[in-house]
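First comes the structure, then the notes that go with it.
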Amino acid sequence: MKIRQHGECIQKIMGRFANPFISDDVIRVGRSPLRKLKLNDRLVGPATQYVELFGKTPTYLAKGIAAALRYDYMEDPEAKLIQETIQQQGIRHAIETFTGLKVGTALFTAIEEGYQKLEVN
1 MKIRQHGECI QKIMGRFANP FISDDVIRVG RSPLRKLKLN DRLVGPATQY
51 VELFGKTPTY LAKGIAAALR YDYMEDPEAK LIQETIQQQG IRHAIETFTG
101 LKVGTALFTA IEEGYQKLEV N
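For the sequence shown, full-length UniProt numbering begins at 1 and goes up steadily by one.
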């Protein structure tokens, strides 16, 4: 996505947040997390682009990716698969498998640390 297109997307999303007649519950926003976690999709794509453009880790995108990995709505088969993978093979394996990021990169580490900091209620 080009920088101009990205800015337009941000403005559109911010407009939705400001609209009191549009409500998004967590289940709808979080559903189908596998697609959103792919290397070139909604969460990881912008995060890797940020690293490429600015040479820094996007703190809040990393936290958002970590939160997506914590999404555990068991009626969502993709969320269930992510949680089973984390329980059976660990968070590092899950990050690498579902995001395509490599262990040892700053973004990978930020996601892993963000995941560990999030409390599960």
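Glycine is no exception: its CB is placed at the ideal position from the N, C-alpha and C atoms. None of the values given here were measured: they were computed from a predicted structure.
Asked                                                                                                     : Found
Burial state of residue 146, where buried means 16 or more other Cβ atoms lie within 10 Å                 : A query on residue 146 cannot be resolved here, the shown segment of the chain reaching from 1 to 121 and no further.
CA-to-CA distance, HIS6 to VAL103, given in whole angstroms                                               : 27 Å
Spatially closest choice to GLY45 from LEU107, GLU84, MET74, LEU118, by CA coordinates                    : LEU107
Cβ-Cβ distance between ARG70 and LEU118 below 8 Å                                                         : yes
Whether LEU37 touches ALA68 by CB criterion (8 Å)                                                         : yes
Identity of the residue in GLU113, PRO77, THR105, GLU75 nearest ILE91 by Cα                               : GLU113
ILE22, enclosing alpha helix (DSSP H) - first and last residue                                            : Element bounds for ILE22: n/a, residue is neither H nor E.
Cβ-heavy atom distance, THR99 to the ligand FAD, below 7 Å                                                : The ligand content of the structure shown is nil, which means the ligand FAD is not present either.
Inter-residue CB distance, ALA94 and THR85 (contact presumed, cutoff 8 Å)                                 : 5 Å
Where residue 125 falls: helix, strand or coil (DSSP)                                                     : Shown here, the chain extends from 1 to 121; a query on residue 125 therefore has no answer.
Rounded C-alpha distance that separates GLY64 from ALA47                                                  : 10 Å
Counted within 10 angstroms of its Cβ, other Cβ atoms place residue 153 as buried (16 or more) or exposed : In this structure the chain extends from 1 to 121, so residue 153 is not present and cannot be described.
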